[in-house]
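One structure below.
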């Protein structure tokens, strides 16, 4: 028997780069990130989409993994007030890993003013801080 010279090969491509994470609630120490990727959660968990979020180290300009799992959102905690953070998202499915999304930049809010901060500013005779605290900045 002869062969036709045609070989058939299935090629599975990894998922495309996802859109960047969506920013939800932002406070002085937390940032909520979510991603709206359509998927059917049928069958065993290893066939579901798995998500990985990385945060950039601003000093080293390198990313580090801060979350991996199947949830569609993650709250990044323990952040500094009035600081800008960069995040990116990657998706893994049974066919492989996507490249990372474009990064997003998010800045935490100022720390809420408290009576303790006002007391410290008055004790230091720091008129500028007293004015900022009273003006809510």
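Numbering (the UniProt record's numbering), first residue to last: 1 to 137. Here a beta-carbon is modelled for each residue, glycine too, at the ideal position from N, C-alpha and C. Since this is a predicted model, take the numbers as computed values, not measurements.
Hey, how far is the Cα of residue i from the Cα of residue j?
i           : j           : result
residue 16  : residue 82  : 33 Å
residue 107 : residue 84  : 4 Å
residue 58  : residue 25  : 22 Å
residue 124 : residue 132 : 14 Å
residue 134 : residue 23  : 30 Å
Thinking residue i and residue j are a contact (beta carbons under 8 Å), I'd like their distance in whole angstroms, please.
i           : j          : result
residue 105 : residue 86 : 5 Å
residue 55  : residue 64 : 6 Å
residue 14  : residue 96 : 3 Å
Where does residue i fall in DSSP's three states?
i           : result
residue 116 : helix
residue 110 : coil
residue 127 : helix
Given residue i, which residues of its chain have a CB within under 6 Å of its CB, disregarding the five upstream and five downstream residues?
i          : result
residue 99 : 17
Measuring only from the beta carbon, is residue i closer than 7 Å to any heavy atom that is part of the ligand COA?
i           : result
residue 127 : With respect to small molecules bound, the structure shown includes none, and the ligand COA cannot be examined in it.
At least 3 beta-carbon pairs within less than 8 Å: the stretch 70-79 vs the stretch 26-37:
yes
The stretch 41-51 contacting the stretch 86-102, beta-carbon criterion three pairs below 8 Å:
yes
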